[in-house]
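Okay, so here's the structure we're looking at.
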Amino acid sequence: MSISTFDSTFERLALLIPGHWDKVIVSVILIGLALLFSQIWARYLARGQISAQKRRLHLVWARNIIWFAALLAIISLWASTIAGFALSLAAVAGALLIVSKELVMCVHGYLYVTLVQPFKVGDVIEFGALKGRVIDIDMFATTLTEFDAAGQATGNVAEFPNGLLLTTPLRNMSPTGTFSLHHVRIPVPEAFVHDLDRIEIASMAAAERVTGPWRDEAIAHFRKVSEQQFIHFPSGKNKVSWDFSNPEHLVLVVRVACPSDERSGVEQAVFRETWKAMVPQTSPPGGD
């Protein structure tokens, strides 16, 4: 692009906003400061000793606050100019509302998440067909690291528009913070239904052994959460029950309290130990 072409383009831009170049410059400076502060905060968190989950939580909320403040400052700066075009602005807003209803719903969904807080960054949620850990929440979409049916990370990243939060039920699988209750479901083969007592004892022993390192801490955690939120949560103690809703398939249900990040590992350990007790051990070849 030649210098003359650049000058003519600049002159045309100047005619579009006569007398407001000071506001344009200040607006650009505000955007630059928002970018700068976001980068500085990200680098500060990267040098910190906090966990990755807390680092991500602090990064998302600080970034949203910085950009909200910058947007508010820019709107305040241009308020007098905007007021002069109130009628035109109302017409444009009406057109946007009709044409971009989904976009407006996304903003409303973000306000819902911000004010009501049905979940936060780091929580594991189920939303429609999606299940995963929340890693980002912006004004238009929520981002998850996807989990499979067994609770293992798939390596995929999924997003859904915030507008769906206003119409679709959501399940938060980690509402109590550090610890959560997890139900391990173990189908019992028909050949073993005559020995349910032994299976119960084996499953409870497996649950006690696996949760031993944190059991007392989990019980104290659920007691504290119940007192703070005025909600009666289960005690956090291990419990065994039976699901016989389907007469043809008896299912053993083992309830355990475990760290939110270790649900999958706890489930696998309880299942393996219980299954070993259910299946008779065969003698090695050549034994007596």
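Quick note, my numbering runs 281 ahead of the 1-based positions in the sequence shown. For each residue, glycine too, the CB sits at the ideal point set by N, CA and C. Predicted model, so just to flag it, every value in this text is computed and none were measured.
How many angstroms separate the CA atom of residue i from the CA atom of residue j?
i       : j       : result
Ser-507 : Cys-539 : 17 Å
Gly-546 : Arg-324 : 33 Å
Gly-567 : Leu-338 : Bear in mind that the predicted position of Gly-567 carries a pLDDT of just 48, short of 50, making it unreliable; the figure below should be weighed with that in mind. Roughly 59 Å between the two C-alpha positions.
Ala-350 : Ser-319 : 12 Å
Asn-453 : Tyr-393 : 15 Å
Val-534 : Val-465 : 6 Å
Val-407 : Gly-413 : One point to set straight first is that residue 407 is Glu, not Val, in the sequence displayed. Those two C-alpha atoms are separated by around 7 Å.
Val-405 : Gly-436 : 15 Å
Glu-543 : Phe-421 : 31 Å
Ala-550 : Ala-487 : 8 Å
Phe-552 : Glu-489 : 13 Å
Val-305 : Gly-313 : 12 Å
Val-560 : Arg-496 : 28 Å
Leu-446 : Gln-398 : 11 Å
Val-474 : Leu-451 : 36 Å
Leu-416 : Gly-403 : The question names Leu, yet the displayed sequence has Ile at residue 416. Going from the Cα of Ile-416 to the Cα of Gly-403 covers about 6 Å.
Val-491 : Glu-554 : 10 Å
Ser-541 : Val-307 : 46 Å
Which residue marks the beginning of the beta strand (DSSP E) containing residue i, and which one marks its end?
i       : result
Ser-461 : 460-469
Ile-411 : Inspection of the sequence shows that residue 411 is occupied by Leu rather than by Ile. Segment 411-418, the beta strand (DSSP E) holding Leu-411.
Gly-436 : 434-442
Ala-472 : Counting along the chain, Ala-472 falls outside any beta strand (DSSP E), and DSSP gives it neither H nor E.
Leu-451 : 451-453
Identify whether residue i lies in helix, strand or coil by the three-state DSSP scheme.
i       : result
Val-402 : coil
Lys-557 : helix
Thr-426 : strand
Ser-357 : helix
Asp-524 : strand
Phe-552 : helix
Pro-494 : helix
Phe-421 : coil
Glu-383 : helix
Glu-529 : coil
Phe-408 : strand
His-513 : coil
Using the Cβ count rule (16 or more neighbours within 10 Å means buried), how would you classify residue i?
i       : result
Glu-440 : exposed
His-389 : exposed
Ser-526 : exposed
Ile-418 : buried
Lys-557 : exposed
Arg-328 : exposed
Val-341 : buried
Glu-529 : exposed
Ile-331 : exposed
Ser-357 : exposed
Thr-449 : exposed
Leu-531 : buried
Ala-410 : exposed
Glu-383 : exposed
Ser-455 : buried
Given the structure, does residue i come close to the ligand SAM, in the sense that its CB is under 6 Å from one of the ligand's heavy atoms?
i       : result
His-463 : Summarising the ligand content, the structure contains no ligands, and the ligand SAM is consequently not present.
Kindly indicate if chain C contains any beta-carbon less than 7 Å away from that of residue i.
i       : result
Gln-398 : Although the question refers to chain C, the structure presented lacks it and comprises just one protein chain.
Problem set entry | the region 445-462 contacting the region 486-506, beta-carbon criterion three pairs below 8 Å | Output reads yes: the region 486-506 touches the region 445-462.
Problem set entry | Stretch-stretch touch, CB-based, cutoff 8 Å, three pairs: the region 512-528 with the region 474-489 | Contact holds: three or more Cβ-Cβ distances are below 8 Å.
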